[in-house]
Structure formats: C-alpha cells, structure tokens
Amino acid sequence: MRATTSTVDLLNWYDRHARSLPWRVSPRDRQCGIVPDPYQIWLSEVMLQQTTVAAVKDYFEKFVRLWPTVRDLAAADDEDVMKAWAGLGYYSRARNLKKCAQIVANDLGGVFPDTEDGLLALPGIGPYTAAAIAAIAFDRPAPVVDGNVERVLSRFHAITTPLPAAKPEIRAAMADLTPADRPGDFAQAVMDLGATICTPKRPACAICPWTGSCSARASGLAETLPNKAPKKDKPTREGAAFVAINSADGSVLLRRRPPRGLLGGMTEVPGSEWQEGFDAAAALSHAPLTADWRRHTTPVRHTFTHFHLILTVWRAQVPAADRPEDGSWWADRGTLGDEALPTVMRKVLAEALGDEV
DNA sequence: AAGGCGGGGGT
DNA sequence: ACCCCAGCCTT
Numbered sequence: 001m002r003a004t005t006s007t008v009d010l011l012n013w014y015d016r017h018a019r020s021l022p023w024r025v026s027p028r029d030r031q032c033g034i035v036p037d038p039y040q041i042w043l044s045e046v047m048l049q050q051t052t053v054a055a056v057k058d059y060f061e062k063f064v065r066l067w068p069t070v071r072d073l074a075a076a077d078d079e080d081v082m083k084a085w086a087g088l089g090y091y092s093r094a095r096n097l098k099k100c101a102q103i104v105a106n107d108l109g110g111v112f113p114d115t116e117d118g119l120l121a122l123p124g125i126g127p128y129t130a131a132a133i134a135a136i137a138f139d140r141p142a143p144v145v146d147g148n149v150e151r152v153l154s155r156f157h158a159i160t161t162p163l164p165a166a167k168p169e170i171r172a173a174m175a176d177l178t179p180a181d182r183p184g185d186f187a188q189a190v191m192d193l194g195a196t197i198c199t200p201k202r203p204a205c206a207i208c209p210w211t212g213s214c215s216a217r218a219s220g221l222a223e224t225l226p227n228k229a230p231k232k233d234k235p236t237r238e239g240a241a242f243v244a245i246n247s248a249d250g251s252v253l254l255r256r257r258p259p260r261g262l263l264g265g266m267t268e269v270p271g272s273e274w275q276e277g278f279d280a281a282a283a284l285s286h287a288p289l290t291a292d293w294r295r296h297t298t299p300v301r302h303t304f305t306h307f308h309l310i311l312t313v314w315r316a317q318v319p320a321a322d323r324p325e326d327g328s329w330w331a332d333r334g335t336l337g338d339e340a341l342p343t344v345m346r347k348v349l350a351e352a353l354g355d356e357v
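Quick note on full-length UniProt numbering: the first sequence kicks off at 1 and runs consecutively.
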C-alpha cells in the first residue's frame, strides 16, 4: 500500500460528501472519540451483501432496537430473527447471522475477531465482509472489494479483462491503493463513489474526485467498463398457491417451508411444487383440503435469482375444523404482517385478500 | 468452477 | 414491463 495523491483526493471528497448512515461513524464523530461498534458494523455488512443501502436502513434499525448487542442476538429465538429478516431476501444470511452471533457470544466471550482471518472463519462472513469489518471496525488496511469497488477500479485502471476473471487484478489494485491511515474510511469512500457517482449507467464523471486520474475517463471507456462474462437467461417455473380463509374468524392457513434451500425455513401458504411445464389443469390436486376453490384471474409474478415464477392463486372459505394434520396452522389476519413471509407470499396474500400484507 | 440463493431500483 | 445489480455457501 502507498499513500497516493488519488487516495488523498478521495478521502478529502469523503470528508465532505460521506453519506450519513445509521451504522456509520463519520470522520467528525471519530474526532470526538466515537468508535465503531463491531457488532453494528458486522450486522450492517451482512445486511448489505447483495442489498442496497436503501433496503437495509429500516431492517438495521429494527435489529439494533430488538437486539442491541451480539449477546442479545445470540439469545434470541430463531423464529423471531427470521420474522425480523422477512422481506430482506437471501434468508441463509439470517440463519448464518444467528449461528455467528452464538459463536461470538458463547465461544469468543462476546468479542468479534479483529483480523481478516479470524473473521473469515465465522459463518456468513466471506472475503468481502471480513475485509470490511477488519477495515471499518478495527482500522486494518484490508482490501475491501465489493461490486462497487470492482466497477470503480476497473474503470480507474481501465481493466478490460472481463469479470469474474479480473477479480485478482482488482483486489491487487485495491490493496495497492488502501492507505495505512484511515483504511476503513477509504473503503467506504470507494463504495460511496460507486453508489453515487461511478454508477453502472451514466456515471457522473464531471463531478468525480478521480476524474483527472481515471484511465477509463481518459480513453472514453467509463460507461462500458467493467466487461462481464455473458449471463445465462432465466427459465420460467409455474405453480399453484392456495389461500384458505377460516370462515369462523377470517384467519389464513399457513405452513413452514423446509429448513434448507429456496426460502428455507420461511412461511408460505400451501401450494404445488414450482416447475417448468406445470400441469395447470391438475392444479386442484395440490390443494391442502377439499373446498370450493375459486381461481383468481390475475396470477402472481415474481423473479428469483435464477428463475421467473408465475403462481396461480386459489382462494376458498373453509370451516375451521378442516385444518389438515400436517403442521400447518391458522394465522390471525391482524398479525399476518409479522409472520416470516417472503415477498412472493406477501404478493399472493395481497392478491387473495385484496389488501397489503 | 459452477450454480443456488431475493428483492429493489432504474429505465 | 423489463433489465440490472451483487457476496456466501454448497456441490
């Protein structure tokens, strides 16, 4: 690492333009002796994996309110953690979050490791998150490389090697630029730059603190980099979802998904498997119980990471006594929003109940 | 090395 | 409506 003029330029920009975020300790705060809380840095960085700042904010504040320390989170009920995470996506993160909290609280005396290697050994912490926590919470000059950093540095050095093959080159470039002084602020500065100025489309080069030293800017490649390997297209799967409404009290029949895999451990309404070439004519054979099922004309559409889903929604009023003996339960209409329902299931319930859930 | 794993925002 | 984005884990 070396303190280049570019490094200094970016830190100066950060001092003036850093976004105020609930988990962030600003340079000004730090001068007043405020230090980052490793628990909050860890929590925010896990939430920020594959997820935008805007989506994370409310979830972060809710988690800190419910569980102010890693010991509180370690002692929390698994189901309560899944409920609090519902809607944020990539639910294995929530399961690993709980596992990690228990290891830190029970085996490490409630103290997070302060090195990249120590952090990397914990569940849910990979190369990016380990470096981010080491740099931001513990002032270690670890090279923090996320998607923003990949884009910013591939432009800065005009790296034309397509991703992901360019990753080692980019990591080396970040290691070279990261200063011994304020490595955490530098990492956050590069990521902020990527999120606000060096954006995927139409980067705002005119107001960029690196506009004079950026190789892609000089060669007219800013908008086209980084090069990427072509992505494969998503197949479409179909299925049926059944919203059974208790005629006595309006409650809704729910069940738990298997603990691993897609939406593992989350709550859903009963339904068919989701598959390409789903036999729509036989949809009712997947119903959880016999009833006067009415098909909604508007299907629910949802896109996951690797496939599109089209769900036909069926609805019926059923007597309370008709609950099948399979572990499903009647969930009160008023507290439906507190269930561990992923977004696709909230869409299904909104369609069936004509209401936001 | 490749594939599974959500959801939100921009256009 | 469609397109784009992006870390960790398992196989």
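Beta carbons: idealized from backbone N, C-alpha and C, even for Gly.
Owing to the predicted nature of the structure, the values given are computational and were not obtained by experimental measurement.
In this structure, how does DSSP classify residue 238 when only helix, strand and coil are distinguished?
strand
Figure out for me which residue from 305, 61 and 41 has the closest Cα to the Cα of residue 134.
The residue among 305, 61 and 41 with its C-alpha nearest the C-alpha of residue 134 is 41.
At least three beta-carbon pairs within less than 8 Å, the region 145-155 to the region 186-200:
yes
Residue 50 and residue 91 closer than 8 Å at C-beta:
no
Only counting the same chain, and skipping five residues up and downstream in sequence, which positions put a Cβ closer than 8 Å to that of residue 299?
310, 311, 312 and 313
Based on the DSSP output, what are the partners of residue 314 in its beta bridges?
242 and 295.
I need the boundaries of the beta strand (DSSP E) containing residue 260, first residue and last residue.
It is not in any beta strand (DSSP E) - residue 260 carries neither H nor E in the DSSP assignment.
Local Cβ density within 10 Å of residue 35, reported as buried at 16 or more and exposed below that
exposed
Classify residue 334 as buried or exposed, calling it buried when 16 or more other Cβ atoms lie within 10 Å of its own Cβ.
exposed
I'd like to check one pair, residue 350 with residue 316: are the Cβ atoms closer than 8 Å?
Not a contact, by the Cβ cut-off of 8 Å.
Between 63, 116 and 124, which has its C-alpha nearest residue 103's C-alpha?
124
Report the rounded CA-to-CA distance for residue 321 versus residue 267, giving the unit in angstroms.
21 Å
Excluding sequence positions up to five away, which residues of its chain have a Cβ less than 6 Å from the Cβ of residue 132?
45 and 144
Mind checking which residues open and close the alpha helix (DSSP H) that includes residue 175?
167-177
Status (buried if at least 16 other CB within 10 Å, exposed otherwise) for residue 8
Looking at its Cβ environment, which holds fewer than 16 other Cβ atoms inside 10 Å, residue 8 is exposed.
Whole angstroms are fine: how far does the CA of residue 226 sit from the CA of residue 185?
24 Å
What residue ranges within the region 177-205 form continuous beta strand (DSSP E) runs of no fewer than 3 residues, ordered along the chain?
List check, beta strand (DSSP E) in window: nothing returned.
Whose C-beta lies closer than 7 Å to the C-beta of residue 15 among residues of the same chain, with five residues either side of it excluded?
27
4-residue-minimum alpha helix (DSSP H) runs that sit fully inside the region 59-136, ordered along the chain
70-75, 78-85, 92-107 and 116-120
Test item: CB-CB of residue 60 and residue 113 under 8 Å:
no
Pairwise C-alpha distance: residue 206 and residue 340
45 Å
Please classify residue 303: does DSSP put it in a helix, a strand, or coil?
strand
Compare the beta carbon distance of residue 235 and residue 253 with 8 Å and say whether it is the shorter of the two.
no
Restricting to Cα atoms, I'd like to know which of 326, 138 and 77 is closest to residue 37.
138
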